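Worksheet: one structure, shown below.
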Amino acid sequence: MTAATDQRKPDRHEQAVGLPGWVWVPAALAFLLIVAPVAGLLLKADWARMPELLLSDEALSALRLSLETAAMSTVLCILLGGPLAVVLARSRLRGLRFLRSIVLLPLVLPPVVGGLALLYLLGRTGLVGRGLDLAFGITIPFTTAAVVISQTFVALPFLVVALEGALRTAGRRYEAVAATLGASPALAFRRVTVPLVLPGLASGSVLAFARCMGEFGATITFAGSLQGTTRTLPLLVYQARETDADGAVAISLLLVVVAVVVIILGRPRGSEGLT
Amino acid sequence: MKRLVTGAVAGLAVVLAAACSAPSQSASTGGGSEAPTAAPQSRTLTVLAAASLTESFNSLEKTFEQQNPGVDVKLSYGGSSDLAQQIVNGAPVDVFAAASDATMKTVTDANATASAPSIFATNVLQIATAPGNPKGIASFADLAKPEYKVVVCAPQVPCGAAEVKIEQATKIDVKPVSEETDVKSVLSKVSTGNADAGLVYVTDVNAAKGTVQGVNFPEAAQARTNYPIAVVKNAPQADLAQKWIDLVKGATGTQVLSAQGFGKPAA
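Chain order of the listed sequences is A and B.
Taking full-length UniProt numbering, the leading residue of the first sequence gets 1, the next gets one more, and so forth.
Taking full-length UniProt numbering, the leading residue of the second sequence gets 1, the next gets one more, and so forth.
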């Protein structure tokens, strides 16, 4: 993108040219489609009962669980996804293009399918889960670990894609210079590559964290739903909506607030890292 | 700004309305070899029913369509509370069959039924275990033992409410590993072997056709659930809706329902 715009000379007249008028109509509709439902939530909210609804035992334990699991999953995403992004961006492996498209799978798959896949791999009768149960007596479904695994599964591509983009934009020039100055690959990676892509890593982590906070389908399929153990905020919304619409709206707004905070934190760096 | 917003909302509504009505039009003009004599007007009866009614209503659908040529019965199953929400929020539906009086009450309270609901069946809980019951789970009290992984419905849905009722009556505190939002999710946790036992309806065990085994327990009778049915207010096909209810409550319906394990309504 940047290369294409660099080739052109800056054109002063460009700014004076307006947009075709019709563009505004679908653009406004698109914007409304995003904003109006959230506005609907705000209108539906029972503000007088809001503190009581948000400070209920159920809501607080779900919030704590959501924050804890999303934080753990984000750390896992960085630890596992970071190196994966480096391999995708820098290595000369054969079939790298194929690998890269596989990594995108959780991004494209419906999370329910991811949850089902995890259940048949790690569930008590699953491929790996059966062995874990027989050998160590470990069962993963219905535990907080299952929530973290679900979230890591769905959020991993967000981190990998953001970081790989940052690595490619940064290029290899500085690393090459470091190498000519006698730095080993490990030293060059630590002192040159990592600081260069730190903004990309940060924005990728924020995106991954946001995805973890919102995870629903894989969690409910693979981990189940129990207060304090597996019932995260989205699961609580889904359940509260059955009987307590006000409660569901209140928790939904809490998630909207989290989302807005994430956008504010992640956006400036995000545009840097992703372009 | 406000004018822009209302204009855009109106525009959106038009687009959505067009999108929603398109399929039915294309469906009626679809077949190229359409004979003008066949099916002068095809009508669609929309029935929302609790998930536990899936097998029974699927079989009644065939009977109804044979008895009423040109009528297509569209069945939609789900958690009762979910379906009730859809109806209260104005889904264009003809009949609602719920899995508890409480859920039907949310609809009648919202003034969204055309007539008073009537009970057409009852159901009781049963313990579902793996086929052959390898863990030897024999009673409701067994479910409170910590060595078993037990899955139940969340208290907000009818099957969960029934379970809570039994817990209160027996003073047995079941510690589930998960509270699912509908009965079929409980069943799948058991049939996939991830839970040792689950509390589901006796009809769900029958419908699972051997992938789980049912264990009766006497306390279940203390939480018998009623299945009410009603014509929805402003039903597009109110006359057909009443016909459907007559079929469900008539001899054929009773036979199909009891074959699935449903009980007869208390007289």
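Cβ atoms here follow ideal geometry from the backbone N, Cα and C, with glycine treated the same way.
In this text the structure is predicted, and so the values were computed from the model without any measurement.
#1: With distances taken from CA atoms, which of Ala162/B, Gly263/B, Asn234/B and Lys105/B is nearest Ala91/B?
#2: Grab me the residues of Asp82/B's own chain with a C-beta within less than 6 Å of its C-beta, minus the 5 sequence neighbours each way, in chain order.
#3: For Phe136/A, name the three-state secondary structure that DSSP assigns.
#4: Helix, strand or coil for Thr221/A, going by three-state DSSP, please let me know.
#5: I need the DSSP call for Phe120/B, collapsed to helix, strand or coil.
#6: According to DSSP, is Thr113/B part of a helix, a strand, or is it coil?
#7: Confirm, please, whether the CB-CB distance from Gly160/B to Ala169/B is below 8 Å.
#8: Apply the 10 Å Cβ neighbour rule to Lys74/B and answer buried if 16 or more other Cβ atoms are within range, or exposed otherwise.
#9: With DSSP as the reference, identify every bridge partner of Asn226/B, one or two as the case may be.
#10: Leaving out five residues on either side along the sequence, give the residues of the same chain with a beta carbon under 7 Å from the beta carbon of Thr193/A.
#11: What span of residues does the alpha helix (DSSP H) with Gly82/A cover, start to end?
#12: Suppose the cutoff is 7 Å on Cβ atoms and the five residues either side in sequence are ignored; what does the same chain contact list for Val215/B look like?
#13: For Ala207/B, which of Gln260/B, Pro228/B and Pro236/B has the nearest alpha-carbon?
#14: Taking one C-beta from the stretch 137-145 of chain A and one from the stretch 52-60 of chain A each time, how about it: are there three or more such pairs within less than 8 Å?
#15: Leaving out the 5 sequence neighbours to the left and right, which residues in its chain are closer than 7 Å to Pro176/B when beta-carbon positions are compared?
#16: Output yes if chain A places a C-beta closer than 8 Å to the C-beta of Pro92/B; else output no.
#17: Going straight from the alpha carbon of Asp212/B to that of Val202/B, what length do you get?
#18: Measuring alpha carbon to alpha carbon, tell me which of Gln227/A, Gly228/A, Val206/A and Leu236/A ends up nearest Gly217/A.
#19: Between Leu226/A and chain B, is the shortest Cβ-Cβ distance under 8 Å, so that the two count as touching?
#20: Check whether chain A comes within 8 Å of Gln66/B, counting only Cβ atoms and requiring the distance to be less than that.
#21: Rounded to a whole number of angstroms, what is the C-alpha to C-alpha distance between Arg94/A and Ser184/A?
#22: Counting C-beta neighbours from all protein chains within 10 Å, is the total for Asp182/B 16 or more, i.e. buried, or is it exposed?
#23: Pair every Cβ in the stretch 239-256 of chain A with every Cβ in the stretch 150-169 of chain A, then say whether three or more of these pairs are closer than 8 Å.
#24: Find the nearest neighbour of Leu54/A within the set Ala259/A, Val262/A and Ala240/A, judged by alpha-carbon distance.
#25: For Gln151/A, count neighbouring C-beta atoms within 10 Å of its own C-beta (all shown protein chains included) and say buried if the count is 16 or more, exposed if not.
#26: Does chain A have any CB closer than 8 Å to the CB of Ala97/B?
#27: Locate the alpha helix (DSSP H) running through Gln85/B, then write down its first and last residues.
#28: In terms of alpha-carbon separation, which member of Val232/B, Val124/B, Ile172/B and Asn226/B lies closest to Asn111/B?
#29: What separation, rounded to the nearest whole angstrom, lies between the Cα atoms of Ala32/A and Ala178/A?
#30: Using the Cβ count rule (16 or more neighbours within 10 Å means buried), how would you classify Ala121/B?
#31: For Tyr238/A, which of helix, strand or coil comes out of DSSP?
#32: Rounded C-beta distance between Ala51/B and Lys184/B? I'm assuming under 8 Å.
#33: Measure the alpha-carbon distance for Gly266/A versus Ser42/B and round it to whole angstroms.
#34: Hey, would you say Pro228/B sits closer than 8 Å to Ala49/B, going by beta carbons?
#35: Using the rule of at least 16 other Cβ atoms within 10 Å of the residue's Cβ for burial, across every protein chain shown, is Thr125/A buried or exposed?
#36: Apply the 10 Å Cβ neighbour rule to Ser91/A and answer buried if 16 or more other Cβ atoms are within range, or exposed otherwise.
So, from the data block:
#1: Within the second sequence, numbered from 1, the residue matching residue 91/B stands at position 91. Of the listed residues, the one whose Cα sits closest to Ala91/B is Asn234/B.
#2: For this step, residue 82/B is matched to residue 82 along the second sequence. Once the five neighbours on either side are set aside, Asp82/B has no close Cβ partner at all.
#3: For the purposes of this step, residue 136/A is taken as residue 136 along the first sequence, with counting starting at 1. Reduced to three states, the DSSP call for Phe136/A is helix.
#4: Locating residue 221/A in the first sequence gives position 221, where the first residue counts as 1. Note: Thr221/A maps to helix in three-state DSSP.
#5: Within the second sequence, the letter at position 120 stands for residue 120/B. Phe120/B: strand per DSSP, three-state reduction.
#6: Numbered from 1 along the second sequence, position 113 holds the residue referred to as residue 113/B. If DSSP states are grouped into helix, strand and coil, Thr113/B belongs with the strands.
#7: To locate residue 169/B, count along the second sequence from 1; it is residue 169. To locate residue 160/B, count along the second sequence from 1; it is residue 160. Taking 8 Å as the Cβ cut-off, Ala169/B and Gly160/B do not qualify as a contacting pair.
#8: Walking along the second sequence from the start, residue 74/B turns up at place 74. Exposed, because fewer than 16 other Cβ atoms sit within 10 Å of the Cβ of Lys74/B.
#9: Within the second sequence, the letter at position 226 stands for residue 226/B. DSSP lists Thr122/B as partners of Asn226/B.
#10: Start at 1 with the first residue of the first sequence, and residue 193/A comes out as number 193. Counting only Cβ-Cβ distances below 7 Å, and skipping sequence neighbours, we find Glu175.
#11: Position 82 of the first sequence, counted from the start, is the residue given in the question as residue 82/A. Start and end: Gly82 to Arg90.
#12: Looking up residue 215/B in the second sequence gives position 215. Around Val215/B: Gln126, Ile127, Thr129, Asn133, Ile137 and Ala138.
#13: The residue given as residue 207/B occupies position 207 in the second sequence. For Ala207/B, the nearest C-alpha among the options comes from Gln260/B.
#14: no
#15: Within the second sequence, residue 176/B is the residue found at index 176, counting from 1. Closer than 7 Å at the Cβ level, and outside the excluded window around Pro176/B, lie Val150, Val151 and Val152.
#16: Reading the second sequence from its first residue, position 92 is the one you call residue 92/B. With 8 Å as the cut-off, Pro92/B does not count as an interface residue toward chain A.
#17: Stepping through the second sequence from its first residue, residue 212/B is reached at position 212. Stepping through the second sequence from its first residue, residue 202/B is reached at position 202. The amino acid occupying residue 212/B in the given sequence is Val; Asp does not appear at that position. Each residue's alpha carbon lies about 11 Å from the other.
#18: Sequence index remark: in the first sequence, residue 217/A carries index 217 (1-based). Nearest option by C-alpha distance: Leu236/A.
#19: Locating residue 226/A in the first sequence gives position 226, where the first residue counts as 1. Yes, its Cβ sits closer than 8 Å to a Cβ of chain B.
#20: Position 66 of the second sequence holds residue 66/B. Closer than 8 Å: no.
#21: For the purposes of this step, residue 94/A is identified with residue 94 of the first sequence, where counting begins at 1. For the purposes of this step, residue 184/A is identified with residue 184 of the first sequence, where counting begins at 1. Distance between the alpha carbons of Arg94/A and Ser184/A: 24 Å.
#22: Translated into positions along the second sequence, residue 182/B becomes position 182. The residue is buried, with at least 16 neighbouring Cβ atoms inside 10 Å.
#23: no
#24: By one-based count along the first sequence, residue 54/A stands at place 54. Here the closest residue by C-alpha is Ala240/A.
#25: Numbered from its first residue, the first sequence carries residue 151/A at position 151. Buried, since its Cβ has 16 or more Cβ neighbours within 10 Å.
#26: Numbered from 1 along the second sequence, position 97 holds the residue referred to as residue 97/B. No, Ala97/B does not count as interfacial toward chain A.
#27: In the second sequence, counting from the first residue as 1, residue 85/B sits at position 85. Per DSSP, Gln85/B belongs to the alpha helix (DSSP H) from Ser80 to Val88.
#28: The residue you call residue 111/B lines up with position 111 of the second sequence. With distances taken between Cα atoms, Asn111/B lies closest to Val232/B.
#29: Locating residue 32/A in the first sequence gives position 32, where the first residue counts as 1. Locating residue 178/A in the first sequence gives position 178, where the first residue counts as 1. It should be pointed out that residue 32/A corresponds to Leu in this sequence rather than to Ala. For Leu32/A and Ala178/A, the distance between alpha carbons rounds to 50 Å.
#30: Along the second sequence, one-based indexing puts residue 121/B at 121. It counts as buried.
#31: Here residue 238/A is taken as the residue at index 238 of the first sequence, counted from 1. In the structure shown, Tyr238/A sits in a helix (DSSP, three-state: H, G or I).
#32: As a position in the second sequence, residue 51/B is number 51, starting the count at 1. As a position in the second sequence, residue 184/B is number 184, starting the count at 1. Confirmed, about 5 Å.
#33: Position 266 of the first sequence, counting from 1, holds the residue named residue 266/A. Position 42 of the second sequence, counting from 1, holds the residue named residue 42/B. Whole-angstrom Cα-Cα distance: 54 Å.
#34: As a working note, residue 228/B is residue 228 in the second sequence. As a working note, residue 49/B is residue 49 in the second sequence. Their beta carbons are not under 8 Å apart, which means Pro228/B does not touch Ala49/B by this criterion.
#35: Counting from one through the first sequence, the residue named residue 125/A turns up at place 125. Burial call: exposed.
#36: Indexing the first sequence from 1 puts residue 91/A at position 91. The residue in question, Ser91/A, is exposed, as its Cβ has fewer than 16 Cβ neighbours within 10 Å.
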